[in-house]
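Residue numbers (this note's numbering): 151 to 471.
First the structure, in the form of C-alpha cells, and then the observations on it.
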Ligand code: SF4
Ligand code: SF4
C-alpha cells in the first residue's frame, strides 16, 4: 500500500476505488509540436508513439459500452494524429460529447489550418493551454513565440464562436511556472477574463487550474535545482481530504496510445497501468470489472490532493490553496 493510500485511509476514512465512468480519456500519442519544460509526458516533435486506428476502434467500442459524459482526447498534440478527424467523426456519429485538449499553437502548423473549423462543425469542446495571460511567463514555460501564436489562435476561435456560443465551450488551463500551488481558481479566472478582454478582446468559457505533478520534465528540473524535497513537502502538507472523492481516477478510465488502460494520464507518465487484478489492455475491457477497480497510487498523487486539489478539469474543492 502506498503512503498516499494509507493517508487517504487514515485521514479521510476512504479506500481508493473507482466508482463510475464519467470520462473516457484517450491519450492518442506523445508527438507534439512543442517541448514544454513542465510536460509530465516529456512530449515533443521527436516522439513517435501514436495510437493505431485499430485501437481507436476499440476505444469507440468502449465508449458505446460505457456511455461516458464525454470522451476526452489528449496527447501530445492530438491534432497531429492522422486519424483524429476520423476518430472524432465516429464518436460524434455515435452521439458522444467529445473534448480535445489543444496547445493552440499546433493549430497554426501547415496542414492543420482547417482544424478549428472542423472542431466547430463537429461541436468539439476545446480545452486550451495558456499558463498565463502575460507573455513573459508563457515564454519561460512553453518557449518563445508560443504566446503570440496562442493569442492569435484564441482570437480565431472566438471568431468561430468558441468561448461565446454555449455549444462551443473553450476552457483555458493554467499551471504554475514554478514549484508552488495554483492560486484560487475562480479568482484567477476573473483575472484572466479581465486581462485577456482588456488586452485582446478575447473571451473564453472558464479556467481550469492544474498543479504541476512531481513527475516528468517538471520533476527533473526540480531535482536539478534541488527543489524537489521542498515541493514534495508542500504537496504533502497541503493534503486535503475534501478533494479525495472527486479525484479524476475515481470517475474515469484512461486509454494510452498502445491500448493499455490507466487510472489517469499521470500514471501513463510513470508506466503504472491499472491494478493487476483487472485486465490491463483495452481488448480485455470489462465495464463491470473496471468500474470497481482499486486505484493505483503513488507519491505523485499528492499533486492531486494539495490545497484545492487538481485534475484535468481543474480544482476539486473550494478552499485555500
Ligand atoms: S505540455 Fe502539452 S503542449 Fe507542452 S509538450 Fe507536453 S503535450 Fe505538448
Ligand atoms: S495521480 Fe492519478 S491515480 Fe493519483 S490521485 Fe491523481 S488522478 Fe488519482
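Note that CB positions come from ideal geometry on N, CA and C, so glycine has one too.
Only a predicted model underlies this, so the values are computations on that prediction, with no experimental measurement involved.
So, for residue i: in the same chain, excluding its five sequence neighbours on each side, which residues have a beta-carbon less than 7 Å away from its beta-carbon?
i, result
"residue 290", "327"
"residue 470", "With a pLDDT of only 40 at residue 470, under 50, the local geometry of the prediction cannot be trusted, and no value is derived from it."
"residue 242", "248 and 272"
"residue 229", "252, 256, 257, 262 and 265"
"residue 314", "308 and 353"
"residue 356", "321 and 339"
What residue range does the beta strand (DSSP E) around residue i cover?
i, result
"residue 221", "220-224"
"residue 279", "275-279"
"residue 320", "320-324"
"residue 337", "Element bounds for residue 337: not the beta strand (DSSP E) but the alpha helix (DSSP H), 335-350."
"residue 358", "356-359"
"residue 252", "248-252"
"residue 118", "Coverage of the chain is limited to positions 151 through 471, which leaves residue 118 absent and any answer about it impossible."
Report yes if the C-beta of residue i is less than 7 Å from at least one heavy atom of ligand 1; otherwise report no.
i, result
"residue 390", "no"
"residue 279", "yes"
"residue 225", "yes"
Compute the minimum distance between the beta carbon of residue i and the heavy atoms of ligand 4, and state whether it is under 7 Å.
i, result
"residue 451", "As for ligand 4, it is missing from this structure, which binds only ligand 1 and ligand 2."
Can you find the residues in the same chain that come closer than 8 Å, C-beta to C-beta, to residue i, ignoring five residues on each side of it along the sequence?
i, result
"residue 166", "155, 158, 394, 397, 399, 400, 444, 445 and 447"
"residue 270", "310, 311, 312 and 318"
Mark residue i as exposed unless 16 or more other C-beta atoms lie within 10 angstroms of its C-beta, in which case mark it buried.
i, result
"residue 439", "exposed"
"residue 322", "buried"
"residue 226", "buried"
"residue 168", "buried"
"residue 284", "exposed"
"residue 421", "exposed"
"residue 195", "exposed"
By Cβ distance below 6 Å, which residues in the same chain neighbour residue i in space, the five residues on each side in sequence not counted?
i, result
"residue 330", "none"
"residue 240", "210"
"residue 299", "255 and 258"
"residue 152", "447 and 448"
Can you find a heavy atom of ligand 2 that lies under 7 Å from the Cβ of residue i?
i, result
"residue 399", "yes"
"residue 414", "yes"
How many whole angstroms separate the CB atoms of residue i and residue j, which I take to be in contact at a CB cut-off of 8 Å?
i, j, result
"residue 173", "residue 220", "6 Å"
"residue 415", "residue 175", "7 Å"
Please report the residue range of the alpha helix (DSSP H) in which residue i lies.
i, result
"residue 174", "Run containing residue 174: none in the alpha helix (DSSP H); it sits in the beta strand (DSSP E), 173-177."
"residue 205", "203-216"
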